[in-house]
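**Student:**
There are 2 protein chains.
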Amino acid sequence: MPELRRDPVEGRWVIISTERGKRPSDFGKEPEEISDKLCPFCSGNEDKTPPEILAYHNPGRERNKPGWWVRVVPNKFPALQIEGQLNRQGDGMYDKMHGLGAHEVIIETPDHTQELSDLEDKRVEDVIWAYRDRIMDLKKDPRFAYILVFKNRGAAAGASLSHPHSQLIATPVVPKRVQEEVKGAKNYFEYKERCVFCDMIKQELNTTTRIVAENDDFLAFEPFASRFPFETWVIPKVHDSDFEDIQKHEAINLSHMLKAILEKIDKVLDQPPFNYILHNSPLRENRLPHYHWHIEIMPRLTKVAGFEWGTGFYINPTPPEEAARFLREAE
Amino acid sequence: MPELRRDPVEGRWVIISTERGKRPSDFGKEPEEISDKLCPFCSGNEDKTPPEILAYHNPGRERNKPGWWVRVVPNKFPALQIEGQLNRQGDGMYDKMHGLGAHEVIIETPDHTQELSDLEDKRVEDVIWAYRDRIMDLKKDPRFAYILVFKNRGAAAGASLSHPHSQLIATPVVPKRVQEEVKGAKNYFEYKERCVFCDMIKQELNTTTRIVAENDDFLAFEPFASRFPFETWVIPKVHDSDFEDIQKHEAINLSHMLKAILEKIDKVLDQPPFNYILHNSPLRENRLPHYHWHIEIMPRLTKVAGFEWGTGFYINPTPPEEAARFLREAE
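One line per chain: the protein sequences are F and P, in this order. If you're matching positions, the first sequence starts at 1 in our numbering and goes up one per residue. If you're matching positions, the second sequence starts at 332 in our numbering and goes up one per residue.
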């Protein structure tokens with residue numbers, strides 16, 4: 001079982017994979033490109049993954065067979081494991097617990113060569129519904145405190161398989177970075193009695209220079225203090241702390257927006273590696289007046305080096321106003 | 332002038348290089364390997380850097396000429412600029428200030444092909460004295476709140492030149508990550524009335540499984556909650572919050588230890604890219620009972636992906652106990 005260990009100074013948790021224990025010679029090899037014949041996420045290879053948790057599929061299709069368009073499976077090499085209890089305990093001055101959690105893969109398409117942004121709008125919308133379905137289901141498990149949905153595209157962004165997929169990890173504690181974000185937003189709310197994200201949306205709509213796109217429900221913009229070149233946030237214009245509250249018209253408009261932004265990023269930056277992360281409120285805190293869910297998209301164009309690790313400062317060589325202009329003008 | 336912008340939610344500062352403004356086509360190119368003929372850090376090319384700030388050199392040598400063994404110069408493309416005042420101001424709901432600071436390069440050797448760990452002990456010690464000399468000098472400038480000394484080795488760790496060098500950045504605010512570390516250590520002190528790092532040293536010396544090496548003044552170990560495979564900390568065994576207080580015998584023993592650890596890492600991991608960071612107390616807070624300076628060495632073997640960005644959780648596939656064993660047994 002993986003072990004969760006807590007840093008006694010900063011309080012961050014680390015997942016130590018005691019079982020997969022990588023030896024020195026295991027590092028430095030780039031993952032080999034897997035052809036669609038061998039790819040476990042391709043249609044026809046359903047037996048190469050653990051049994052599916054969820055699939056959107058044609059009527060009459062058999063489980064774990066072709067005929068699906070979105071498929072969710074447990075990660076074959078999970079960072080955290082679903083069985084058991086937390087078993088919090090000390091180790092002298094240190095703290096640890098079992099590496100309990102869920103780690104799932106959302107396969108976005110049966111077709112190896114289609115990117116998320118290549119899919120029809122309706123299919124992108126179904127990926128969004130799959131995120132929601134899984135969150136709603138895992139939320140029932142009282143052992144989980146947070147669910148992170150994210151996507152790594154490209155080896156440099158941490159993807160080990162090129163077949164388009166997202167991932168979901170349910171954690172037994174609220175991660176430190178999420179706590180900080182929620183706490184920062186709460187501090188602002190206590191001072192101003194307004195949601196900091198709602199204020200950002202208002203100011204961005206006024207300033208306009210950092211806006212990339214807008215539709216009825218969503219705004220896409222480059223944040224004022226962007227850490228990375230072409231960092232782009234997609235945020236619902238009306239206050240809501242919980243992604244899983246999303247309405248049908250919002251899911252439609254989110255799929256339009258996400259597809260458009262990913263197309264723009266691919267066009268302007270020539271299909272860069274990227275991560276996107278769904279920032280959502282912790283599972284046991286709902287309908288928060290101070291928090292506002294959103295998606296942060298981060299192309300991986302610069303290398304994070306000693307200065308960033310040591311300080312948490314980021315050096316961004318592209319002002320967000322310029323990045324927004326390039327993205328706005330694409331297509 | 333670069334601009335410092337503050338994220339309104341999390342409070343982190345970002346350096347926006349408004350002048351160097353990178354366009355989309357500037358990304359994705361790997362830096363070209365520069366030969367020693369063109370390398371600005373090589374002996375004989377002193378005119379390719381801004382005028383030197385400090386050099387340890389042979390008697391009678393002329394400034395900015397050969398005959399040195401450690402040389403400190405301003406970074407030609409500084410992340411922060413030395414002239415001017417902070418000029419804190421608002422921009423609607425946002426906060427910004429001038430990108431004021433110092434950004435220097437510590438050239439560790441005149442020889443392009445020698446790694447820091449290849450240098451004689453006495454030369455490594457001089458690199459350590461150069462760190463200290465520059466900290467002592469910059470500390471006098473009341474505009475600075477923190478000085479970060481760090482080293483990036485290898486392109487994957489963010490180094491743009493292969494000639495062995497360290498860097499130093501003085502910042503006008505205490506970076507968020509440093510604040511968190513000092514605060515975490517202070518919380519522990521308030522609860523236990525003991526330094527958390529001193530407690531770690533005691534437990535590591537007792538447990539022994541995570542120790543890599545030890546000498547009279549320093550301990551090198553893999554932390555219990557290592558974020559990265561083969562992450563190694565080098566820490567003075569006697570409590571001290573301020574690196575710049577270092578005594579002669581400590582500088583000697585630190586140079587022995589640093590050289591030994593870097594040699595071990597190179598041997599076990601086949602000269603991996605790495606970062607190391609000097610964790611030191613903020614400039615205006617000295618002789619802290621709760622903080623303990625140290626160096627964190629992080630080989631860059633795994634890729635930081637969406638999950639790490641979204642949570643601040645790290646997934647480490649090599650238990651620190653195993654990493655320590657490999658490093659201990661090397662040579």
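Think of the CB as a built atom: it goes at the ideal place given N, C-alpha and C, for glycine as much as any other residue. Note that the coordinates shown come from a computational prediction; the quantities given were computed from them, not determined experimentally.
Check the C-beta distance from P:L550 over to F:F307 and give it rounded, since I have them as a contact under 8 Å.
**Tutor:** That pair is no contact at about 26 Å.
**Student:** Are the beta-carbon atoms of P:V404 and P:T380 separated by less than 8 Å?
**Tutor:** Closer than 8 Å, so yes.
**Student:** I'd like to know whether the C-beta of F:M97 is nearer than 8 Å to at least one C-beta of chain P.
**Tutor:** No, F:M97 lies away from the interface with chain P (no Cβ there is under 8 Å from its Cβ).
**Student:** With a cut-off of 8 Å on the beta carbons, I'd call P:L499 and P:E435 a contact; round off their distance for me.
**Tutor:** With a Cβ gap of about 5 Å, P:L499 and P:E435 count as contacting.
**Student:** Could you check if F:V9 belongs to the surroundings of the ligand ATP, using beta carbon to heavy atom distance under 7 Å?
**Tutor:** As for the ligand ATP, it is missing from this structure, which has no ligand bound.
**Student:** Is the CB of F:E181 under 8 Å away from at least one CB in chain P?
**Tutor:** True, the Cβ-Cβ gap to chain P drops below 8 Å.
**Student:** List, in chain order, every chain P residue whose beta-carbon is nearer than 8 Å to that of F:K333.
**Tutor:** Since the displayed chain F opens at 1 and closes at 331, residue 333 of chain F lies outside it and no answer follows.
**Student:** In terms of residues, what are the limits of the alpha helix (DSSP H) holding P:Y522?
**Tutor:** Unbroken alpha helix (DSSP H) run through P:Y522: K507 to K523.
**Student:** State the DSSP-derived secondary structure class of F:V70, mapped to helix, strand or coil.
**Tutor:** Correct three-state label for F:V70: strand.
**Student:** Let me check one thing: in DSSP terms, what residues is F:R63 bridge-paired to?
**Tutor:** Answer by DSSP bridge pairing: none, since F:R63 is not bridged.
**Student:** Counting only the same chain and skipping the five closest in sequence on each side, list residues whose C-beta sits under 6 Å from that of P:K595.
**Tutor:** Here the set comprises L658 and A661.
**Student:** Could you check if P:S491 is buried or exposed, using at least 16 other CB atoms within 10 Å of its CB as the buried criterion?
**Tutor:** P:S491 should be labelled exposed.
**Student:** Applying the criterion that 16 or more other CB atoms from any shown protein chain within 10 Å of the CB defines a buried residue, is F:E296 buried or exposed?
**Tutor:** Answer is buried; the Cβ neighbour count reaches 16.
**Student:** Pull the bridge partners of F:S166 from the DSSP assignment, please.
**Tutor:** The partner list for F:S166 (beta bridge, DSSP) reads F:I106.
**Student:** So, is P:T649 buried or exposed, given that buried needs 16 or more other C-beta atoms within 10 angstroms?
**Tutor:** It is buried - the Cβ of P:T649 has at least 16 other Cβ atoms within 10 Å.
**Student:** DSSP three-state call for F:D91: helix, strand or coil?
**Tutor:** Note: F:D91 maps to strand in three-state DSSP.
**Student:** By the criterion of Cβ-Cβ separation under 7 Å, what are the contact partners of F:A157 in chain P?
**Tutor:** The contacting residues are A636.
**Student:** Can you check whether the C-beta of F:W233 is within less than 8 Å of a C-beta belonging to chain P?
**Tutor:** With 8 Å as the cut-off, F:W233 does not count as an interface residue toward chain P.
**Student:** Which runs of the beta strand (DSSP E) spanning at least 3 residues fall entirely within the segment 625 to 654 of chain P, listed in chain order?
**Tutor:** Listed in chain order, they are 625 to 630 and 645 to 647.
**Student:** Nearest to P:S612 by CA position, among P:L385, P:Q412, P:V504 and P:D457, is which residue?
**Tutor:** Out of P:L385, P:Q412, P:V504 and P:D457, P:V504 has the C-alpha closest to the C-alpha of P:S612.
**Student:** Of the residues P:R454, P:R615, P:P339 and P:D452, which one's Cα is nearest the Cα of P:F475?
**Tutor:** Measuring from the Cα of P:F475, the nearest candidate turns out to be P:R615.
**Student:** Give a yes or no on whether 8 Å exceeds the smallest Cβ distance from F:E244 to chain P.
**Tutor:** Not an interface residue.
**Student:** Decide if P:V565 is buried, meaning its Cβ has at least 16 other Cβ atoms within 10 Å, or exposed.
**Tutor:** Label assigned to P:V565: buried.
**Student:** Confirm, please, whether the CB-CB distance from F:R5 to F:I16 is below 8 Å.
**Tutor:** Yes, Cβ-Cβ distance for F:I16 and F:R5 is below 8 Å.
**Student:** Using a 10 Å radius around the Cβ and a threshold of 16 neighbouring Cβ atoms, would you call F:K140 buried or exposed?
**Tutor:** Label assigned to F:K140: exposed.
**Student:** May I have the straight-line CA-CA distance separating P:E524 from P:D530, to the nearest angstrom?
**Tutor:** Distance between the alpha carbons of P:E524 and P:D530: 11 Å.
**Student:** For the pair the segment 64 to 73 of chain F and the segment 94 to 111 of chain F, tell me if three or more CB-CB distances fall below 8 Å.
**Tutor:** Taking 8 Å as the limit for Cβ pairs, the verdict is that the segment 94 to 111 of chain F does touch the segment 64 to 73 of chain F.
**Student:** Under a three-way DSSP split, which group does F:K22 fall into?
**Tutor:** F:K22 falls in the coil class under three-state DSSP.
**Student:** Do P:Q534 and F:G84 have their beta-carbon atoms positioned less than 8 Å apart in this structure?
**Tutor:** No, these two residues do not count as a Cβ contact at 8 Å.
**Student:** Measuring alpha carbon to alpha carbon, tell me which of P:V513, P:W400 and P:H587 ends up nearest P:W624.
**Tutor:** Checked all of P:V513, P:W400 and P:H587; the closest Cα to P:W624 is P:V513.
**Student:** Closer than 8 Å, Cβ to any Cβ of chain P: which residues of the segment 191 to 204 of chain F, in chain order?
**Tutor:** Here the close residues are V196, F197, D199, M200 and Q203.
**Student:** Below 7 Å CB to CB, which residues in the same chain sit around F:C42 once its five sequence neighbours on both sides are set aside?
**Tutor:** Closer than 7 Å at the Cβ level, and outside the excluded window around F:C42, lie D36, P110, H112 and H163.
**Student:** Is F:E46 helix, strand or coil when you go by DSSP?
**Tutor:** F:E46: helix per DSSP, three-state reduction.
**Student:** Are there 16 or more other CB atoms within 10 angstroms of the CB of P:Y522, so buried, or fewer, so exposed?
**Tutor:** P:Y522 should be labelled exposed.
**Student:** Going by the beta-carbon positions, is the gap between F:A79 and P:I646 smaller than 8 Å?
**Tutor:** The answer is yes: Cβ separation under 8 Å.
**Student:** Answer with yes or no whether the minimum CB distance from F:Y314 to chain P is below 8 Å.
**Tutor:** F:Y314 counts as touching chain P.
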